[in-house]
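Undergrad: The structure follows.
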Amino acid sequence: MKTLIVYAHPEPRSFNRALLDTSLHVLKEAGHAVELSDLYAMGFNPVANAADFTERRFPDQLQYDREQKQASQRQGFSDDIQSEIDKLLRCELLILQFPLWWFSVPAIMKGWIDRVFANGTVYGAGGKRFDQGGLKGRKAMLSFTTGCFPEMMESDGLLGQRDVILWHLHHGTFGYSGLQVLQPFVGWSIQYSDAAQRHALLEAYAARLRGIAHEDSMPAHTLAEFGPDWRLKPGIEPRTVGHRRPDAQETR
Numbered sequence: 000m001k002t003l004i005v006y007a008h009p010e011p012r013s014f015n016r017a018l019l020d021t022s023l024h025v026l027k028e029a030g031h032a033v034e035l036s037d038l039y040a041m042g043f044n045p046v047a048n049a050a051d052f053t054e055r056r057f058p059d060q061l062q063y064d065r066e067q068k069q070a071s072q073r074q075g076f077s078d079d080i081q082s083e084i085d086k087l088l089r090c091e092l093l094i095l096q097f098p099l100w101w102f103s104v105p106a107i108m109k110g111w112i113d114r115v116f117a118n119g120t121v122y123g124a125g126g127k128r129f130d131q132g133g134l135k136g137r138k139a140m141l142s143f144t145t146g147c148f149p150e151m152m153e154s155d156g157l158l159g160q161r162d163v164i165l166w167h168l169h170h171g172t173f174g175y176s177g178l179q180v181l182q183p184f185v186g187w188s189i190q191y192s193d194a195a196q197r198h199a200l201l202e203a204y205a206a207r208l209r210g211i212a213h214e215d216s217m218p219a220h221t222l223a224e225f226g227p228d229w230r231l232k233p234g235i236e237p238r239t240v241g242h243r244r245p246d247a248q249e250t251r
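See below:
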């Protein structure tokens, strides 16, 4: 399986780096072809700007998504973006490795998504989204560390349910672009873990990766399950953490 790992952590000796090194070793040992984008080491620029395009359709006002669409049609991205798009399109599995900051990815990784998940390539007009998105047929997984304990991300926990917290990434980024989403791997409460606990986490991640090619994806809805009113069709039961039927009070 061709795998792209996008890694974002500013500290080379972090536990995130240990997770990355584990994934590189295990996946290559299992025969996977692995590419790596180490965003801090690359000095990746996360700021979307006019220089992202070799030519402009709208030179008087930057309309970023529309410029992305034209660049997708004309090979008009700057070299740094095109290189990352090429990696993304080559992969069969995408892994994002990062520390969870403010319930999301670090800014440098968010900028990678903004610039690389381009309109016209990853999503676009004509229904190019969700199960018809530009990355359909591929899988994706989040692997991240967090300072909180697992109980804090239960449905009755202080921070709220884990999959609700991750919905904007699982559904709004991966799912929207056509990726099949795998369950995340979470390194809980790293700063409170001793050496033995950290070693056990690395072993668990290695075991997970050895079987990842055969994992089933998380439940998702297809475009065909929604009607012209953009709602789930009658008879389709919601099966994701982000979908439910509104109650009578909400429909008034």
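Quick note on numbering that gives the first Met the number 0: the sequence shown kicks off at 0 and runs consecutively.
Even for Gly, the Cβ is constructed at its ideal location relative to N, Cα and C.
Computed from a predicted structure; not experimentally measured.
1) Rounded to the nearest angstrom, what separates V180 and G132 at their Cα positions?
2) Tell me, to the nearest whole angstrom, how far the beta carbon of F148 is from that of V185; I am working on the premise that it is less than 8 Å.
3) If you reduce the DSSP assignment to three classes, tell me which class V33 lands in.
4) At which residues does the beta strand (DSSP E) containing C26 begin and terminate?
5) Can you check DSSP and say which residues form a bridge with M140?
6) What did DSSP end up calling V163 once you bin it into helix, strand or coil?
7) So, for A219: in the same chain, excluding its five sequence neighbours on each side, which residues have a beta-carbon less than 6 Å away from its beta-carbon?
8) Is the beta carbon of L93 closer than 9 Å to that of L99?
9) In angstroms, rounded to a whole number, what distance separates the CA positions of W229 and G177?
10) From this set, K1, V5, P9, L19, which residue's C-alpha is nearest A255's C-alpha?
11) What separation, rounded to the nearest whole angstrom, lies between the Cα atoms of A50 and V25?
12) Sort out for me which residues DSSP pairs Y175 with in a bridge.
13) Pick helix, strand or coil for W100, following the three-state DSSP scheme.
14) Can you tell me whether P245 is buried or exposed? The criterion is at least 16 other CB atoms within 10 Å of its CB, across all chains shown.
15) If you follow the beta strand (DSSP E) that Y6 is in, where does it begin and where does it stop?
16) Less than 8 Å between the CB atoms is what I'm expecting for L3 and E34, so what's the real figure, rounded?
17) Under the rule that 16 or more other beta-carbon atoms within 10 Å means buried, what is Y6, buried or exposed?
18) Looking at C-alpha atoms only, which residue of K127, K109, K68 is the closest neighbour of N44?
19) How about V121 and L134: are their beta carbons less than 9 Å apart?
20) State the DSSP-derived secondary structure class of G186, mapped to helix, strand or coil.
21) Alpha carbon to alpha carbon, how far is A212 from H198? Give it in angstroms, no decimals.
22) Would you decide whether I157 is buried or exposed? Buried here means 16 or more other CB atoms lie within 10 Å of its CB.
TA: A quick look at the data gives this:
1) G132 has its alpha-carbon roughly 13 Å from the corresponding atom of V180.
2) Actually they are not in contact, since the Cβ atoms of F148 and V185 sit about 11 Å apart, beyond 8 Å.
3) Correct three-state label for V33: strand.
4) Here residue 26 turns out to be Leu, not Cys, going by the sequence shown. In this chain, L26 is not harboured by any beta strand (DSSP E); it is covered by the alpha helix (DSSP H) spanning 14-28.
5) Answer is I94.
6) Three-state DSSP puts V163 in a helix.
7) If the five residues before and after A219 are omitted, its C-beta is found closer than 6 Å to the C-beta atoms of G174, all from its own chain and listed in chain order.
8) No, the Cβ-Cβ distance between L99 and L93 is not below 9 Å.
9) Computed Cα separation, rounded: 18 Å.
10) Outside the displayed range of the chain (0 to 251) lies residue 255, so it cannot be described from this structure.
11) About 38 Å.
12) Among the bridge pairs identified by DSSP, Y175 is matched with none.
13) The answer is strand: DSSP assigns W100 an E or B state.
14) Exposed, by the Cβ-count rule.
15) It spans 1-6 - the beta strand (DSSP E) in which Y6 sits, taken as one unbroken run.
16) With a Cβ gap of about 5 Å, L3 and E34 count as contacting.
17) By the 10 Å Cβ count, Y6 comes out buried.
18) Considering only alpha carbons, the answer is K109.
19) Against a cut-off of 9 Å, the Cβ pair of L134 and V121 comes out as a contact.
20) Correct three-state label for G186: strand.
21) Approximately 23 Å between the Cα atoms of the pair.
22) Strictly speaking, residue 157 in this sequence is Leu, with Ile absent from that position. Classification of L157: exposed, given that the 10 Å Cβ count is below 16.
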